Amino acid sequence: MNKHPIISILILLIGIPGLTYSQDFSITADVDRTRISVNDLIVMTVTVSGQDLNNVPEPALPDLNNFLILGRTSSTTSSFNFMNGKISSSQTIRYIYQLQPNAMGEFVIDAITASYEGKLYRTKPITIEVVQGTAQTPPQGGRGSVQQPLPGVDNQTNLREELFVRAVIDKKKAYVGEQVTITYKLYTRVGLANVRYDRMPPYTGFWMEEMYSAQHLDYQEEIIDGKRYAVSTLKRIALFPTVTGEQQIEPLSMLCDVQIARRRSLFDSFFDDPLDPIFSRTRQTRIESETQTIDVLPLPEAGKPDTFKNAVGQFKITASIDQAVAEVSQPLTLTVILSGKGNIKTLEAPVLPTMANFKQYASESKENINANNLRIGGFKTYSYVLIPVISGVNQIEPPAFPYFDPATKSYKIASTNPITITVASEKWDPTTGFMPQKTAVIQIRQDIQYIKPETVFLGHQGGFLFQTPWYLILHALPIAAIFGTILYKSHTNRLRHDVGYARWRRAHGQARRELQEAKKALNQDRFEQAYMHISNALYQFIADKNNQATAGLTSPQIVDLLSDWKIEEDMINQVKHCLAACDIARFAPTLLTKENIKEVLETAEKIIHTLEQKMVKE
Numbered sequence: 002m003n004k005h006p007i008i009s010i011l012i013l014l015i016g017i018p019g020l021t022y023s024q025d026f027s028i029t030a031d032v033d034r035t036r037i038s039v040n041d042l043i044v045m046t047v048t049v050s051g052q053d054l055n056n057v058p059e060p061a062l063p064d065l066n067n068f069l070i071l072g073r074t075s076s077t078t079s080s081f082n083f084m085n086g087k088i089s090s091s092q093t094i095r096y097i098y099q100l101q102p103n104a105m106g107e108f109v110i111d112a113i114t115a116s117y118e119g120k121l122y123r124t125k126p127i128t129i130e131v132v133q134g135t136a137q138t139p140p141q142g143g144r145g146s147v148q149q150p151l152p153g154v155d156n157q158t159n160l161r162e163e164l165f166v167r168a169v170i171d172k173k174k175a176y177v178g179e180q181v182t183i184t185y186k187l188y189t190r191v192g193l194a195n196v197r198y199d200r201m202p203p204y205t206g207f208w209m210e211e212m213y214s215a216q217h218l219d220y221q222e223e224i225i226d227g228k229r230y231a232v233s234t235l236k237r238i239a240l241f242p243t244v245t246g247e248q249q250i251e252p253l254s255m256l257c258d259v260q261i262a263r264r265r266s267l268f269d270s271f272f273d274d275p276l277d278p279i280f281s282r283t284r285q286t287r288i289e290s291e292t293q294t295i296d297v298l299p300l301p302e303a304g305k306p307d308t309f310k311n312a313v314g315q316f317k318i319t320a321s322i323d324q325a326v327a328e329v330s331q332p333l334t335l336t337v338i339l340s341g342k343g344n345i346k347t348l349e350a351p352v353l354p355t356m357a358n359f360k361q362y363a364s365e366s367k368e369n370i371n372a373n374n375l376r377i378g379g380f381k382t383y384s385y386v387l388i389p390v391i392s393g394v395n396q397i398e399p400p401a402f403p404y405f406d407p408a409t410k411s412y413k414i415a416s417t418n419p420i421t422i423t424v425a426s427e428k429w430d431p432t433t434g435f436m437p438q439k440t441a442v443i444q445i446r447q448d449i450q451y452i453k454p455e456t457v458f459l460g461h462q463g464g465f466l467f468q469t470p471w472y473l474i475l476h477a478l479p480i481a482a483i484f485g486t487i488l489y490k491s492h493t494n495r496l497r498h499d500v501g502y503a504r505w506r507r508a509h510g511q512a513r514r515e516l517q518e519a520k521k522a523l524n525q526d527r528f529e530q531a532y533m534h535i536s537n538a539l540y541q542f543i544a545d546k547n548n549q550a551t552a553g554l555t556s557p558q559i560v561d562l563l564s565d566w567k568i569e570e571d572m573i574n575q576v577k578h579c580l581a582a583c584d585i586a587r588f589a590p591t592l593l594t595k596e597n598i599k600e601v602l603e604t605a606e607k608i609i610h611t612l613e614q615k616m617v618k619e
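Heads up: the sequence shown begins at 2 in the numbering used here, then just goes up one per residue.
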């Protein structure tokens, strides 16, 4: 069973067909050491695991009369598993406290409590022994393959061979704007009482994006020159060069408290007995990584497009319009999505080509940047308002986006097909309700016929003309047309001047167009694009129905907006399921198949159809 952790996804996950959850809730507490000196610090970690933890309050600490709380941090992790055709998920929140004792003795940290769904959960008490001088119990190791405590170091040990930090880069040459990944790893053959950063490199000449930072040391085993080391990955950082030439990455330095041992024999084992009282003190040492040099190449001039704006990587561009038929002066929304991997964080907005038949205005933009498969990527969405000024069939030319692909060492242009818009200029005649038409006058007869002077019987021949159904229908039509015209004019004027009303009316159509794009992407096996369109459809639809900005809208906010509309809990759960599946696709795409996408797409279509019927303004 493969596990794919996803860092900092704060989404609510619910259990409906295709998505199941771990129903267990648990809270645990542990410390890095149970025996410390009066001058030391201990790290207490309180771990809360379960589902739907966004509204769970922070655990309540007992009275810590014998300790001072010097610091507090927290982190959230969501993990997903795919097994037997179903996705399971659990969420974990870790609260980390730094505690300093204020007296010597044996102290008990009483149970820490947490409330979940009306029930109270407790941790086991923790006993801490605070002694004079240096504690003898080594810190707990990581959760990797190396789980035993490492030995202390004696005075004859060469620490440089036993403890060091390395900076590993994936390439020595790179183009300006091309991603270079640097990974920092800690190697040790000795016991460490404490580890902390002393100095981080400034990364001068680079734009940087942190991809991973360890919350604690998780050790794995690695053999170097016949020696066995406990290795922990500290940080992984994406660097994008901004200056050509040889650029140096300065060292990362750390301060480590190394356990000093008095060895009784030259033949002690690699791992000492942790209960053996051989540790008497610690020694602080400073370690730093080596300086790394990267040869940054300028982008080639040959073949560089005139509109190139320093995009380096692999990118795609898509475009869509909110409606294909409009009137002169009726605003339209053009949505352009730029996606891919590379220096997407620093990309400038695509510039629309000049279109004489439209007025152009930039509207809003949003982004979603993530680290996937050791590459920085994601998408940026740009919205433009277009106002037609000329009637007829018009072509909207979406922007072409030039970029440099370092894999092929060549310039490429991402583009999409033009969009056809039909713009009508004819207006309704408010007196008749019909479009004005030119009709030729036809003279049927030129002479006047003789009227026969005979007596005509004017008796009763039937009912009055105004009593006939056709008379009533023919006279009612113009009245109905007038009222219809008034309503139509009111509707169109409101669309033009009331942004909230316009978004509310057009929400369904725009959502359906996004879902159509999702179907096209699915048929072309572009799964990430399919999920992106599904997510856009749901977020945009609910945002438009509530006249809310789409950028920055979160899943909990979606829930609140739907609750305000009195939407049933089951429907809200389905919305959360779809949004969760889209997030899984971005961060753990290998978990999902084409069949999963089809299921999510069908669910999204039903959701939008149902919400369109329920979200009706009074």
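A virtual CB, placed ideally from N, CA and C, is assigned to each residue, including glycine. Nothing here was measured: the structure is a model prediction, and the numbers come from that model.
Residues near residue i by beta carbon distance below 6 Å, same chain, minus five either side
| i | result |
| --- | --- |
| E368 | K381 |
| T189 | L164 and A231 |
| W566 | M616 |
| L348 | A312 |
| I195 | According to the sequence provided, residue 195 is Asn. The question's Ile does not apply to it. The answer, listed in chain order, is D258. |
| A531 | A519, A522, L523 and I598 |
| P332 | V386 and I388 |
| L235 | Y185, L187 and A215 |
| L580 | S556 |
Own chain partners of residue i with C-beta closer than 7 Å, once the 5 adjacent residues on each side are dropped
| i | result |
| --- | --- |
| E606 | L516 |
| S266 | With a pLDDT of 41 at S266, under the threshold of 50, the modelled position of this residue cannot be trusted, and the question is left open. |
| A327 | L333, P389, I422 and V424 |
Rounded separation between residue i and residue j - CA only
| i | j | result |
| --- | --- | --- |
| R197 | M616 | 54 Å |
| A538 | A519 | 9 Å |
| M356 | S91 | 51 Å |
| R123 | L62 | 10 Å |
| H509 | A544 | 11 Å |
| L335 | P58 | 42 Å |
| P419 | E211 | 38 Å |
| L563 | I573 | 7 Å |
| Q249 | Q293 | 6 Å |
| Y213 | E289 | 19 Å |
| S50 | F26 | 6 Å |
| S340 | L375 | 16 Å |
| I37 | K173 | 45 Å |
| Y362 | D219 | 51 Å |
| Q99 | T283 | 19 Å |
| V39 | I110 | 16 Å |
| R527 | F405 | 22 Å |
| K317 | S416 | 7 Å |
| N371 | T243 | 21 Å |
| F268 | D33 | Unreliable positioning characterises F268 in this predicted model, as indicated by a pLDDT of 38, which lies under 50. A coordinate reading is not provided. |
| G378 | K346 | 8 Å |
8 Å Cβ shell around residue i - same chain, five flanking residues per side excluded
| i | result |
| --- | --- |
| E291 | R167, A168 and P252 |
| D448 | Per-residue confidence for D448 stands at a pLDDT of 48, beneath the threshold of 50, marking its modelled position as unreliable; the derived number appears in the next sentence. For D448, where only same-chain residues beyond five positions count, there are no Cβ hits under 8 Å. |
| Q541 | A508, Q511, A512, E515 and T551 |
| M105 | V39, V131, V132 and Q133 |
| M209 | I238, A239, L240 and F241 |
| Q285 | L256, C257, D258 and V259 |
In DSSP terms, what residue i is bridged to
| i | result |
| --- | --- |
| L121 | S116 |
| N395 | I422 |
| G304 | Looking at the DSSP assignment, G304 forms no beta bridge with any residue, so it has no partner. |
| S50 | S27 and T93 |
| K381 | L339 and E368 |
| G314 | G343 |
| I110 | I127 |
| Y185 | A168 and K236 |
| M616 | Partner(s): none; M616 has no beta bridge. |
| S411 | D406 |
| I295 | Q248 |
Whole-angstrom C-beta distance between residue j and residue i, which should lie under 8 Å
| i | j | result |
| --- | --- | --- |
| T114 | L121 | 6 Å |
| P60 | Y117 | Actually they do not touch by this definition, with Cβ atoms about 10 Å apart. |
| P399 | V337 | 6 Å |
| I535 | L602 | 6 Å |
| E179 | P407 | 5 Å |
Cutoff 7 Å: residue i Cβ touching any chain B Cβ
| i | result |
| --- | --- |
| P400 | No chain B appears in this structure, which consists of one protein chain only. |
Runs of beta strand (DSSP E) wholly within the segment 333-374 (minimum 3 residues, chain order): 333-343 and 359-373
Whole beta strand (DSSP E) elements within the segment 204-259, 3-residue minimum: 207-214, 221-225, 228-242 and 246-250
Whole runs of the alpha helix (DSSP H) within the segment 497-580, excluding any shorter than 4 residues: 500-524, 528-546 and 556-565
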